[in-house]
Each structure stands twice: as structure tokens, then as C-alpha cells.
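Chains as they are written, first to last, in our numbering: chain R, 98 to 365; chain S, 98 to 365. A short worksheet on the structure shown next.
Number of protein chains: 2
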Amino acid sequence: MSGPKVIKSLERGLRVLQALQMQPDSSLQELYLLTGISKPSILRILHTCARSGIVTRRLGDGRYRIGAMLSHAPSRREHHDRIAEAAAPILERLCERVSWPSDLMVPAGDHMQIRETTRARSPFLLQQERIGLPVNWLWSAVGTAYLAYCPTKERQRVLDLLRKSSRPEDRLAREPGRLNVILDEVRERGYGIRNSMHSGGYYGGPPHSDGLFSIAVPLRDGPRVLGAINMLWLKKAFSIEAFAAHHLAELQNAAAEIVSSVQRRTKR
Amino acid sequence: MSGPKVIKSLERGLRVLQALQMQPDSSLQELYLLTGISKPSILRILHTCARSGIVTRRLGDGRYRIGAMLSHAPSRREHHDRIAEAAAPILERLCERVSWPSDLMVPAGDHMQIRETTRARSPFLLQQERIGLPVNWLWSAVGTAYLAYCPTKERQRVLDLLRKSSRPEDRLAREPGRLNVILDEVRERGYGIRNSMHSGGYYGGPPHSDGLFSIAVPLRDGPRVLGAINMLWLKKAFSIEAFAAHHLAELQNAAAEIVSSVQRRTKR
DNA sequence: GCATGCGTTCCGCAGTGTGAAATGGTACGT
DNA sequence: ACGTACCATTTCACACTGCGGAACGCATGC
């Protein structure tokens, strides 16, 4: 039954692809255990597939996933992965030019979530954030950037959720006046910043004690907003205004590129 | 940019897969022109992919297509291709055991359509029918087998369509009495046969002048009917009753296998 | 501090993939 | 009926590619 000649190296490559199919988001080690192929070989296979665009690699944690080849049902999680996949190469280029790292965040109920990051790639070792880490809606640069530009209806839904929250950091959702001032400022500036001036319980500690500043812009796809990307740097290096003057245009440009890349991918 | 080591043979394999993705249903020659890879190599690649279940080959005309790896949107055409893909190995085994060939047919508006066939594989060279060839609803074994078992509503829709037809071979749709007798006979026997006793204009010529008999059973998936498969043989070799006594059970068995294979494939 | 785990690189050997050319088979034109 | 053209498949000798054990680098955890 296996009569005609087969290409063994291709066969093992397909075996890795099938493993990745069964368990998306795998590390090299997991694929090694799953397939029994030696790690150097899997590495070569993944490099090859990546160069062909069949698999992509997440910048943040180096995990592999199958690329845009199969579209599948557009479940919520999958959709976010598509955005992250499209964003990865663009964030990578951005990081190479500006040196400071970026994150891609998407909405996830009562918080936002990191789906991609170039922090590991930045020459400046800022703290390593994990993929999937929750980020507050109201105090973060990405959260306010998203809320400032998303449709009113969606913003209301998020705020309704936060009003039911008992977390102290979500109190602000019950003060529409102050919140609207903040969002108006975001729209005027064109980018979101961390709201560190408001003291009091951000995740228990003092707000944003990591010594970083951040600016964030939304990923606007027509009226919709897919998520937000930010850039981070050390407070002591630049003021927010100085940094924005240098890099805001590039950040906005990257956002536009990501959106059009997502559009291209979902059209087919 | 292409720094790390790459497996060239895998790369060309993926190139063929991408070509197949862009143009499903390709012949070896087409893939050769599309990729520029030598034909022996493409053949080896396709054998390899086929053995891994990534691509499947149509028995009828030897064309290749991408396998169940990607589910896509279940458009009408794609769904039929899935059925054909599932049916191929089962029809192949059937042909090996019985020697006489089979076809898989699916509904296509005012006619049925061949989506797979083992005629080329049969030791008896019956005439070669092409994939996509239209087959009459009312006079063919597969058509009557389908109509006899499909839901009433669907049968009505087909007959309404045929009543609007001006083709002489569709006249029978306007005689519900005679038609119901025929369909009742099918249900009683458990299989459909060609209605060659009615003379007059089947596709212009005398009905079924090819010297063949045929029996057909539906592919029943619960209340739905996915299509029908038949078996063909030379009139002079056996009577219908004698042939059915020998092979009907196997044909019905193959139908059941195809349906459950389709179910397995569409569940994930 | 050491230990562990994972990703990556190195390198020499084994054996695998490659394409030109030959073969087999089918459809078409005359 | 014969000849031609086209396509799928097989054969074969040679080149070089893919392979995995071992070593390395770099984290994280104890």
C-alpha cells in the first residue's frame, strides 16, 4: 500500500504540521514530545515552514502556530490569534527601528489582554510580560486608547461590566464625568497614556510602579476597533511629549499596517 | 533574512501544497507548470502528502486536491468534494472486490452529477464518464434511488424544477402517478434501477443504449440523503436480480461506510 | 551558588532527493 | 488503422542534503 516512493523529510515535516494542527500554540519541546522527531530537525522544519508562511512564530514567547493557511471557524480566540499573527512582523520591524518594545492588546471581557509583545526583542530589558496577561481597561494606555475610539455601544458594554466589578481599580467606571474627560483627552492627543496621576490601588500596588511610560493607539478598522498597540520606555529617558513627538507617527503607521494586513488575511 | 538552516525538500513540498491551495483540483501537469518543479519530484511529493492524508486523489480523473486539513466555509461545491473525498477509498475497495465499477453522484439542481467513479479502475473497460457529467433524475438508477429516500420536501423541490423543464426526458415529472409507482418499487427493492422500459428520448437517443445495467443506493445520513452510489455491469453478463443478489449487500455496506466517514470528517 | 530545562548551534556521516531520459498509456487527428 | 502528441510514471547514477548526538547559551528555580 505504501509502494511508490515517498520523501521522508517531507513526511516528517507534515507530521510536525499535523501535530501543530492538533495542538496549536506549541513550544518546540511540546512538538518534540508529540512527534518524537529530534529537536534540531523540528527546528529546521519550523524554520522552513515559517519561511513559507505556513507556520508563524509568536514573538512574545517563541511558540509556534499554523499560519493563515486554514481559516477555520472564526471563534473569538482564533480571531485574536489572527490579529496577533498579522501584527508580529510589523511590531518586529517597529522594534528594530525604534528599539523600544511594543505590545499588542485585545479586549477580553472585564480586562484587556496581551496577545503579542516585542519586549523580549528590545535591547532594553524591560520586565517580561506574559502572553495572556490581563491589563486594566481604565488605567492603561491601551485600554483608554481602545475605549476612546471604539463604537459607543461597545464602550457602554465594557463600562457596564466594570461597574459590576468590586475591584478598587474599576471604581472609575462609576464616575462618567472624570472618565469622559480622560477619553476626550485621548482623542485630542491621538494616543492613550497611563493614568498614573490618579493614586489608589492599581492591582494592589502603587499605580505603574515599573518606572515606564507608555503611549497607545487603537487598531481602527472602519468603525470597529480590533485592539490596541503601545510602545514602552523608561520614564527617566524621555517625557511623554518628547517621545510622542519622535515616535507617534511610526506607531500609528504600524497600527494602520496591522489593520490592512488583517483585512487582507480575512478576505479570502 | 533567510539565515537559519532550511530543509529544501520540505520547502518544495510546501510550495506544491500552496499551489494546490491556490488552484484546487489540479493535475500533475498543472502543478508542474505552476511550481516549476520537475514532474517526478511533484509525483513523489504528492505521494507523500497523500500517504499523510494531506492531499487526496480523485479516482475518476486522477486529479489532486487538498484533504480534510482545512474545513473552510462549507459551500455547496466544497461539501460535495468532501463527500467525494470520503467516498474514494471506499469505492476503490469495492471495485477491487467486485471488479465492476461504481459512481458517486450528488444532486445538482435539475440533474445529478458524477463526483467520483472507479470506471477507470475496473478491469472491464466500460465507457469513461467524466467528473461533473450530468445525469438525469428520473431515468437513472442513482436519481430514483435518491428521490425515493430523500425528504418529501426536497423531492417536491426537485420535481417542481423538472416540471418547468422543456426537455422531453423530464416529462415524467408531470405524471405523479407513474412516478410514485416507480419510487415505491425502489423502496420495496431497496435499490434504484434505470428506467429503460419507458421508450422515448433519453438525451435524444434510445434510453441507455450503452448495454449496461445499474443498481443504485442512496447515501442516507439520518433523514438527509447526501447522494447516491451505483454499480454498473454489462447487460449480457447478469440479470439485475442475479447481480443484486450477489452484490447489493456490499453496495449498501459501502454507502453506510461513506456516510459515517463523512460524519467523522465534518465533526471536527 | 548549583541544578534543571529548553532553545539553538555544530559537525561528520549516511543515505536520501534529484532530474534527464526512457517507458507506458490514452486521446486526438487524418 | 496508423501516427502523433501529450501526460503520467518509472528508472538510475550522482551530488549533496538532512540527520541526530553532543556541546553551548541562557533562562528560571531551588
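Glycine is no exception: its CB is placed at the ideal position from the N, C-alpha and C atoms.
- Can a CB atom of chain R be found closer than 7 Å to the CB of I187(S)? By one-based count along the second sequence, residue 187(S) stands at place 90. With 7 Å as the cut-off, I187(S) does not count as an interface residue toward chain R.
- Any C-beta of chain R under 7 Å from that of E272(S): Taking the second sequence and counting its residues from 1, one reaches residue 272(S) at position 175. Not an interface residue.
- Per DSSP, what kind of secondary structure is T215(R) in: helix, strand or coil? As a first step, residue 215(R) must be located in the first sequence, where it is residue number 118. The answer is coil: DSSP assigns T215(R) none of H, G, I, E or B.
- Message: I'd like to know if G301(R) contacts chain S, where contact means its C-beta is closer than 7 Å to some C-beta of that chain.
- Response: Against the first sequence, residue 301(R) aligns to sequence position 204. Only weak support exists for where G301(R) lies, its pLDDT of 39 falling under 50; the value from the coordinates is given anyway. Chain S contact via Cβ: absent.
- Taking 7 Å as the CB-CB limit, is G159(S) close to chain R? Residue numbering aside, residue 159(S) sits at position 62 when the second sequence is read from its first letter. Put simply, the CB of G159(S) is far from chain R, with every gap to its CB atoms at 7 Å or more.
- Residue span of the beta strand (DSSP E) that contains G324(S), given as start and end: For the purposes of this step, residue 324(S) is taken as residue 227 along the second sequence, with counting starting at 1. Note, G324(S): beta strand (DSSP E), 321 to 331.
- Task: Report the residues of the stretch 107 to 133 of chain S with a CB closer than 9 Å to any CB of chain R, ordered along the chain.
- Result: Of all residues in the stretch 107 to 133 of chain S, L107, E108, R109, G110, L111, R112, L114, Q115, Q118 have a Cβ within less than 9 Å of some Cβ in chain R.
- If we call anything under 7 Å between Cβ atoms a contact, is G206(R) one with T241(R)? Position 109 of the first sequence, counted from the first residue, corresponds to residue 206(R). Position 144 of the first sequence, counted from the first residue, corresponds to residue 241(R). Cβ atoms of G206(R) and T241(R): not closer than 7 Å.
- Message: Rounded to the nearest angstrom, what separates S138(S) and E193(R) at their Cα positions?
- Response: Start at 1 with the first residue of the second sequence, and residue 138(S) comes out as number 41. Start at 1 with the first residue of the first sequence, and residue 193(R) comes out as number 96. It is roughly 40 Å from the alpha-carbon of S138(S) to the alpha-carbon of E193(R).
- Message: Looking at the ligand MG, does it come within less than 6 Å of E189(R), judged from the CB to the closest heavy atom?
- Response: Summarising the ligand content, the structure contains no ligands, and the ligand MG is consequently not present.
- Query: Looking at the structure shown, is F221(R) part of a helix, part of a strand, or coil, going by DSSP?
  - Reply: Position 124 of the first sequence, counting from 1, holds the residue named residue 221(R). Coil.
- Item | Option nearest Y246(S) by Cα separation, candidates A334(S), L345(S), L323(S) | Your numbering for residue 246(S) matches position 149 in the second sequence. Considering only A334(S), L345(S), L323(S), the residue with the shortest C-alpha distance to Y246(S) is L323(S).
- Message: Using 7 Å as the threshold, is the C-beta distance between V359(S) and A313(S) below it?
- Response: Here residue 359(S) refers to the residue found at position 262 when the second sequence is read from its first residue. Here residue 313(S) refers to the residue found at position 216 when the second sequence is read from its first residue. In this structure, V359(S) sits away from A313(S), with a CB-CB distance that is not shorter than 7 Å.
- Query: Taking the alpha-carbon positions, what's the A185(R) to P121(R) distance?
  - Reply: Numbered from 1 along the first sequence, position 88 holds the residue referred to as residue 185(R). Numbered from 1 along the first sequence, position 24 holds the residue referred to as residue 121(R). Each residue's CA atom was taken as its position, placing A185(R) and P121(R) some 17 Å apart.
- Task: Would you decide whether L244(R) is buried or exposed? Buried here means 16 or more other CB atoms lie within 10 Å of its CB.
- Result: For this step, residue 244(R) is matched to residue 147 along the first sequence. Buried, by the Cβ-count rule.
- Query: How big is the Cα-Cα spacing for I180(S) and E354(S)?
  - Reply: Mapped onto the second sequence, residue 180(S) falls at position 83. Mapped onto the second sequence, residue 354(S) falls at position 257. Looking at the backbone, the Cα of I180(S) and that of E354(S) are separated by about 11 Å.
- Leaving out five residues before and five after G308(R) in sequence, what residues of the same chain have Cβ atoms less than 8 Å from its Cβ? Within the first sequence, the letter at position 211 stands for residue 308(R). Closer than 8 Å at the Cβ level, and outside the excluded window around G308(R), lie L331, K332, K333.
- Compare the C-beta of V103(S) with all C-beta atoms of chain R and state if any pair is closer than 7 Å. For the purposes of this step, residue 103(S) is taken as the residue at position 6 of the second sequence. By this cut-off, V103(S) is an interface position.
- Out of curiosity, what's the CA-to-CA distance linking R190(R) and L329(R)? Looking up residue 190(R) in the first sequence gives position 93. Looking up residue 329(R) in the first sequence gives position 232. Pairing R190(R) with L329(R), the inter-Cα distance amounts to about 15 Å.
- Item | Unbroken alpha helix (DSSP H) run spanning V255(S), endpoints | Against the second sequence, residue 255(S) aligns to sequence position 158. Where V255(S) is concerned, the enclosing alpha helix (DSSP H) stretches over 249 to 260.
- Could you name the residues that DSSP lists as bridge partners for I290(R)? Residue 290(R) sits at position 193 when you count from the first residue of the first sequence. I290(R) has I312(R) as its beta-bridge partners, per DSSP.
- Item | Beta-carbon neighbours of I50(R), restricted to chain S and to distances below 8 Å | Because residue 50(R) is not part of the residues shown, which for chain R are 98 to 365, the question remains open.
- Query: So who's on the other strand from T153(S), going by DSSP bridges?
  - Reply: Start at 1 with the first residue of the second sequence, and residue 153(S) comes out as number 56. For T153(S), which the question treats as bridged, DSSP gives the partners R162(S).
- Message: Do S106(R) and S336(S) count as a contact pair if the criterion is CB distance below 7 Å?
- Response: Numbered from 1 along the second sequence, position 239 holds the residue referred to as residue 336(S). Numbered from 1 along the first sequence, position 9 holds the residue referred to as residue 106(R). Note that the C-beta distance between S336(S) and S106(R) is not below 7 Å.
- Message: Short of 7 Å in beta carbon distance, which residues of its chain neighbour H169(S), apart from the five on each side in sequence? Order them along the chain.
- Response: Mapped onto the second sequence, residue 169(S) falls at position 72. In this predicted model, H169(S) has a pLDDT of only 49, less than 50, meaning its place in the structure is not dependable; the value taken from the coordinates is given anyway. E175.
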